[in-house]
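J.:
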Amino acid sequence: MSANMGCVVTKNRDGGGSTGAGGSGTPVFVQTASDNYPDLSQHNNHLAKCLTPDIYKQLFDIRTSFNCDLDRCMQTGVDNPGHPFIMTVGMVAGDEECYEAFAPLFDPVISDRHGGYSASAKHVTDLNPDHLVGGELDPKYVVSSRVRTGRSIRGYALPPLCSRAERRDVEKIMVDALASLDGPLKGKYYPLTGMTEKEQDQLIDDHFLFDKPVSPLLTASRMARDWPDARGIWHNDLKNFLVWINEEDHIRVISMEQGGDMRAVFSRFCEGLGKVETSLKSKNYEYMWNEHLGFVLTCPSNLGTGVRAGVHLKVPLLSKHAKFDEILSKLRLQKRGTGGVDTASTDGTFDISNLDRLGTSEVQQVQMVIDGVNILTEMEKAMEAGNSIDDLIPGSKANPDLADYPDLSKHNNYMSHCLTPQMWKNLKDKKTSSGYTLKDCINTGIENPGHPHIMTVGVVAGDEESYDVFAEFMDPVISARHGGYDKDAKHRTNLNPKDLRGGENLDPKYVLSSRVRTGRSIRGYALPPHCTKEERAAIEKITVDALAGLEGPLKGTYYPLEGMTDETQEKLIADHFLFDKPVSPLLTAAKMDRDWPQARGIWHNAEKNFLVWVNEEDHTRVISMDKGGNMKAVFTRFCEGLQKVEALMKAADKEFMWNEHLGYVLTCPSNLGTGLRGGVHVKLPLVSQDPRFDKILYAMRLQKRGTGGVDTASTDGTFDISNLDRLGTSEVEQVQCVVDGVELLINMEKALEKGNSIEDLLPAACKPRPPAKIMSSNYPDLSKHSNYMAKCLTPAIYDKLYKLKTKAGVTLDDCIQTGVDNPGHPFIMTVGMVAGDEESYDLFADLFDPVIDARHGGYPKTAKHPTDLDASKLKGGDDLDPEFVLSSRVRTGRSIRGITLPPCNTRAERALVEKVCVDALAALDGPLKGQYYPLTGMTEETQDKLIEDHFLFDKPVSPLLTASNMARDWPQARGIWHNDEKTFLVWINEEDHTRVISMEKGGNIKRVFERFCGGLKKVEDAIKSKGHEFMWNEHLGYVLTCPSNLGTGLRAGVHVKVPLLSKHDKFDALLEKLRLQKRGTGGVDTASTDGTFDISNADRIGVSEVQLVQMVIDGVGLLVKMEKALMAGQKIDDLLTSQGV
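For what it's worth, the working numbering labels the leading residue of the sequence shown as 14, then goes sequentially.
So, in structure tokens, the structure goes:
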């Protein structure tokens, strides 16, 4: 195996899709990604929208440090197709590392779910309640206020994957941290395990209690395992600060109170979170957080802040308005009923909350709720007074304050995420000294809604003053774009190339060229979106005059676009120096193409390694460049040229726009700070194919694009690699990132050329953090359980086995999970175990053997099971009285060797089982000839016919089966085969690989058994002819999923009418003596209503098929004899006594 960022890559797993030797005589199925690819054609979720066969193949073999694979993350999306009009996510993370290991899928899912969030974006975190504006909402309309979020503890798997021990550790860590709270936050923890009825009732009354998940989205994510182990509720004495432990996330933190004081609620929220985090850090624990995704939680929908700030708002009139949903959308709010998700309001009271989670801060999201609810309240008041609300609707032309407020409901840019109606009201009438307005700043963002997966800025500055006059809006945009930049932050400037370490010898075999560029703006003149022709001409003159003062290697010539000759133009094109008139809608909407080509031009030195563009997107763009890898020389020339130009400008009483907060001021907020892009064209054909390439770049604060410029792709493994940051770090620091990062990338490329691993070269951020050292026991709490597993399992057995895995990866916990999750009934003893594969019975024999022995009433581990499928050995059975015996059937199961059993099999394995069985069944002829009906794509007509024939089986809903993972991928590769005479039936991939049933009306069970044996033999022969065989051994007989079916797997049953006998007080005792069992004719756990019972053999293992069917024949014959006696008014005491009853 090789480790990939802590992701174990299973070599050769994508091999041949066939069975191969696995050692110890147990074949192991080798599968391919293409065979295992899910059918998502009927699905409506973000997973289905984003997953492709190529992405799946790329990630198929990867395992995280916690052994989570991609299928574990996406199983909930496969199992829950969703609703045509409700788009679910379809994915969860099993651990923190999943978001990196499976980034090629998670990134587009995250972007799609959050309305566009690029893989290189930085999330903003702000938990300072002092940054809120307002927040005291009208209590007449706001019934209650709350803010909630989730947190995950680093080093532990998330709820879909975590072990019992990890869950218990999380509980202990959190309860200890919460115990440190004092004052108004002091509280108490109430674990679900052992909770008294009084406590439960009180928590229900307080609306604090959470239930075991029943939503298929959660159960398919395996979040209900081991319930209620290590789950609980903590709340303070004042009952306004609440923590749920081990629900859908490690913790859910909620601050709440009656009324509309959202400011107080958020302040408590921030204070409590901060104090708990401080306590955790004092014990060397920390929350999962990174600058890209913010706080890491189980569901991608909650990444970022995880915040849901909501109020219960009474708006009975407004909620009936035709534009209510549209108004909420414009305000970036969402509604649901006060009963929770997917509930409706019944009285006009709604739970109104923020729509966004990722890319904006906690403060911004709560501010949106405050501002939005204020507007909604104003609207409700207006309607109460009988007034129109048209003038209050965002974007309404009737409201002077919001007359020009843009409809940003379909937009994906930083402007649309940050602008609020309140900001608009505050800023719309303001102008800079040059006359630039907020509308001017955001016009490019209004006209360009953006791409779902590409987050643009959506704002430009018209002059230097724009950043001050519109700071209320510009500051959050800048912070969001630069991944968090406080309005009081100071930017560092350093243009001393001597501070750069190395960079003079980046290997020219790999580095084709190096360049550093920036922009500069001349103070006192409007920026390109707003400058006049006169200002543009002045900028040109100032710049060209300064450049004319350069001498030596920097001496050069200016080439104005106006009047440029064809010869000059062709030369500049050949040198790649010419820039064109803007055609990008982002630039044209910002009015940067006005008066083209007036006062624009290109200056470059004679050596063509120092270049200045005049009046392109900024007043000037300054570029230093060279072939090869001497970045140090390029940066030195860059600094020297810039400083000389600046000195010449200052001599003419001009200066660049710069301040200690924003650094160098440029047109686009994305370029504030240094405005610097230090880049190299570097050949990385091998390392660029690594699935972690983007994450490696991000960890080193680098970004990539094709060598053709922005939004181009590489075609030959050559990339333009440059610094990701602009603001908050200096020029030297940013170029140093490029130098150090490119050197590391080259070393990786060289290692891969030699066939070596790059694991030791990975940046620290790309290496998985080791899992936490587990403190708690993983042994399940079985104190309330009634099943054979709980009866037989001991700590010693568990400790011996729980770390073992079969060759297919099945663990002991996989086998016992159904028994842990289903305590059973005090009077009904279930098994509590399943096998994940054939090897499970051997590897975990220390537990399986006693369970099998207990379940089958004594079956020692040295016993040998007899198999006998010779129907000719039966005595009688062809003449059970049809007046009493309505129907007869014999069924069994079979498993195909080398393929895991249903609780653990993959889609590829399940499909192989289907193919092997259907091919074998197709060989049947004569009375056994039939047809296969797959559940996938089944027509309604076929379905109705199979229901009428009682042949159709449903998706498992029994908790015993769902906890065994038997409902996964339904209905993939499941189906029903039956012969034309409808007397021989095979279910494929239900609870076992196959269920084989022979049946007919009446009492000729001999003929039923003959057909059963003949059909089974023909099927087995056909399977063997293709190189497959059934699982069988001389100890367990035929190996099936549930230990209760080992041996023969056979259930021979008849529907028999015994209304009189069944009322006899010794009926059950008689059946037990005859080794028979009864149930209603509706199936397991049903009762008889008319004295007709389904009577079948009680045993499975240790006796042969012939013996079991003989027991049924003899026993039913006796039952019928007794029923006839009772009908004749005779006693049956002698018959009972003869059986020892």
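By construction, the Cβ of each residue, glycine as well, lies at the ideal position given by its N, Cα and C atoms. Here the structure is a predicted model, which means the values were calculated and not measured.
1) In the DSSP assignment, the alpha helix (DSSP H) including glutamate 556 goes from what residue to what residue?
2) Using the Cβ count rule (16 or more neighbours within 10 Å means buried), how would you classify serine 796?
3) In terms of alpha-carbon separation, which member of Asn426, Gly399, Ile388, Ser401 lies closest to lysine 438?
4) When DSSP builds the beta bridges, which residues end up paired with alanine 322?
5) Once the 5 residues before and after aspartate 962 are set aside, which same chain residues still bring their CB inside 7 Å of it?
6) Could you give the distance in angstroms between the alpha-carbon of aspartate 753 and the alpha-carbon of isoleucine 759?
7) In chain order, what residues of the same chain lie with their CB nearer than 7 Å to the CB of glutamate 659, ignoring the 5 residues before and after it?
8) How many whole angstroms separate the CB atoms of aspartate 151 and alanine 785, which I take to be in contact at a CB cut-off of 8 Å?
9) For the pair the region 509 to 519 and the region 611 to 627, tell me if three or more CB-CB distances fall below 8 Å.
10) Among Met381, Gly200, Gly319, Ala924, whose alpha-carbon lies nearest the alpha-carbon of serine 342?
11) Just how far apart, CA to CA, sit glutamate 580 and tyrosine 572?
12) Tell me whether alanine 884 sits in a helix, a strand or coil according to DSSP, three-state version.
13) If contact is defined by three or more beta carbon pairs under 8 Å, each pair taking one atom from either stretch, is the region 282 to 291 in contact with the region 187 to 195?
14) State the DSSP-derived secondary structure class of glycine 686, mapped to helix, strand or coil.
15) Under the three-state reduction of DSSP, which class applies to asparagine 439: helix, strand or coil?
16) Please work out which residues of its chain come closer than 8 Å, Cβ to Cβ, to glutamine 55, disregarding the five sequence neighbours upstream and downstream, and give them in chain order.
17) Give me the Cα-Cα distance between phenylalanine 119 and proline 172, rounded to the nearest whole angstrom.
18) Terminal residues of the continuous alpha helix (DSSP H) containing valine 386?
19) Does DSSP classify methionine 269 as helix, strand or coil?
20) Measure the alpha-carbon distance for lysine 584 versus leucine 140 and round it to whole angstroms.
21) Is there contact here, the region 225 to 244 with the region 199 to 206, by at least three beta-carbon pairs under 8 Å?
22) Below 8 Å on the Cβ atoms is my guess for isoleucine 383 versus methionine 269; work out the distance and round it to an integer in Å.
23) Give the C-beta separation of arginine 987 and arginine 904 to the nearest angstrom, bearing in mind that I take them to be a contact with Cβ-Cβ under 8 Å.
24) Could you tell me if the beta carbon of glutamate 391 falls within a distance shorter than 8 Å of some heavy atom in the ligand GDP?
25) Which residue from Gly129, Glu1003, Asn57 puts its Cα closest to that of proline 97?
26) What residue range does the beta strand (DSSP E) around lysine 1 cover?
27) Tell me which same chain residues have a C-beta within less than 7 Å of the C-beta of arginine 494, skipping the five on either side of it?
28) Rounded to a whole number of angstroms, what is the C-alpha to C-alpha distance between glycine 1050 and glycine 1153?
29) Count the C-beta pairs between the region 442 to 454 and the region 638 to 652 that are closer than 8 Å, then say yes if the count reaches three, no if not.
30) Tell me the start and end of each unbroken alpha helix (DSSP H) in the region 909 to 997 that is at least 4 residues and wholly inside, in chain order.
31) With DSSP as the reference, identify every bridge partner of methionine 638, one or two as the case may be.
32) Any beta carbon from chain B within less than 9 Å of valine 833's own beta carbon?
33) What does a CB cutoff of less than 6 Å around lysine 336 pick up in its chain, not counting 5 residues either side in sequence?
34) In whole angstroms, give me the CA-to-CA distance for leucine 925 and cysteine 175.
35) Buried or exposed for lysine 645, please, with buried defined as at least 16 other CB atoms from any protein chain shown within 10 angstroms of its CB.
36) Assign glutamate 766 to one of two classes, buried (16 or more other C-beta atoms within 10 Å of its C-beta) or exposed (fewer than that).
T.: Here's the rundown:
1) The residue given as residue 556 occupies position 543 in the sequence shown. With the sequence shown as reference, residue 556 is identified as threonine, and glutamate is not the correct amino acid for it. 546 to 561 is the span of the alpha helix (DSSP H), which, as asked, contains threonine 556.
2) Mapped onto the sequence shown, residue 796 falls at position 783. Classification for serine 796: exposed.
3) For the purposes of this step, residue 438 is identified with residue 425 of the sequence shown, where counting begins at 1. With distances taken between Cα atoms, lysine 438 lies closest to Ile388.
4) To locate residue 322, count along the sequence shown from 1; it is residue 309. Answer by DSSP bridge pairing, in chain order: Val160.
5) Working through the sequence shown from its first residue, we reach residue 962 at position 949. Cβ neighbours of aspartate 962 beyond the five flanking positions: Lys995.
6) Within the sequence shown, numbered from 1, the residue matching residue 753 stands at position 740. Within the sequence shown, numbered from 1, the residue matching residue 759 stands at position 746. The straight-line gap from Cα to Cα measures roughly 10 Å.
7) Here residue 659 is taken as the residue at index 646 of the sequence shown, counted from 1. Excluding sequence neighbours, glutamate 659 sits near Phe669.
8) Here the question's residue 151 lines up with position 138 in the sequence shown. Here the question's residue 785 lines up with position 772 in the sequence shown. In fact, because the Cβ distance is near 47 Å, the residues do not count as touching under 8 Å.
9) no
10) Counting from one through the sequence shown, the residue named residue 342 turns up at place 329. Nearest option by C-alpha distance: Met381.
11) Along the sequence shown, read from residue 1 onward, the residue named residue 580 stands at position 567. Along the sequence shown, read from residue 1 onward, the residue named residue 572 stands at position 559. So the two alpha carbons sit approximately 12 Å from each other.
12) The residue labelled residue 884 in the question sits at position 871 within the sequence shown. Helix, per DSSP.
13) yes
14) Translated into positions along the sequence shown, residue 686 becomes position 673. Here glycine 686 sits in strand by DSSP.
15) The residue you call residue 439 lines up with position 426 of the sequence shown. The answer is helix: DSSP assigns asparagine 439 an H, G or I state.
16) Working through the sequence shown from its first residue, we reach residue 55 at position 42. Closer than 8 Å at the Cβ level, and outside the excluded window around glutamine 55, lie Pro94.
17) By 1-based counting over the sequence shown, the position of residue 119 is 106. By 1-based counting over the sequence shown, the position of residue 172 is 159. For phenylalanine 119 and proline 172, the distance between alpha carbons rounds to 18 Å.
18) Along the sequence shown, one-based indexing puts residue 386 at 373. Looking at the DSSP string, the run of the alpha helix (DSSP H) that includes valine 386 is 375 to 397.
19) Looking up residue 269 in the sequence shown gives position 256. Judged by DSSP in its simplified three-state form, methionine 269 adopts strand.
20) Here residue 584 is taken as the residue at index 571 of the sequence shown, counted from 1. Here residue 140 is taken as the residue at index 127 of the sequence shown, counted from 1. Cα to Cα, the separation comes out at about 55 Å.
21) yes
22) Numbered from 1 along the sequence shown, position 370 holds the residue referred to as residue 383. Numbered from 1 along the sequence shown, position 256 holds the residue referred to as residue 269. Not really, about 16 Å apart at Cβ, beyond 8 Å.
23) Walking along the sequence shown from the start, residue 987 turns up at place 974. Walking along the sequence shown from the start, residue 904 turns up at place 891. That belief does not hold up - the Cβ atoms of arginine 987 and arginine 904 are roughly 17 Å apart, past 8 Å.
24) Judged by which ligands are present, the structure shown has none, so any question about the ligand GDP falls away.
25) As a working note, residue 97 is residue 84 in the sequence shown. Out of Gly129, Glu1003, Asn57, Asn57 has the C-alpha closest to the C-alpha of proline 97.
26) Residue 1 cannot be examined here, being either before or after the span of the chain that is shown, 14 to 1154.
27) As a first step, residue 494 is located in the sequence shown; it is residue number 481 there, counting from the start. Tyr427, Val470, Pro682, Ser683, listed in sequence order.
28) Here residue 1050 corresponds to residue number 1037 of the sequence shown, with the count starting at 1. Here residue 1153 corresponds to residue number 1140 of the sequence shown, with the count starting at 1. If I take the Cα positions, the gap works out to 31 Å.
29) no
30) Along the region 909 to 997, the alpha helix (DSSP H) occurs as fully enclosed runs of 4 or more residues at 920 to 934, 953 to 961, 972 to 975, listed in sequence order.
31) Looking up residue 638 in the sequence shown gives position 625. Looking at the DSSP assignment, methionine 638 forms a beta bridge with Arg528.
32) No chain B appears in this structure, which consists of one protein chain only.
33) Residue mapping note: residue 336 aligns to position 323 of the sequence shown, counting from 1. None.
34) Translated into the one-based positions of the sequence shown, residue 925 becomes position 912. Translated into the one-based positions of the sequence shown, residue 175 becomes position 162. Cα-Cα distance, rounded: 30 Å.
35) As a working mapping, residue 645 is identified with position 632 in the sequence shown. Under this definition lysine 645 is a buried residue.
36) As a position in the sequence shown, residue 766 is number 753, starting the count at 1. It is exposed - the Cβ of glutamate 766 has fewer than 16 other Cβ atoms within 10 Å.
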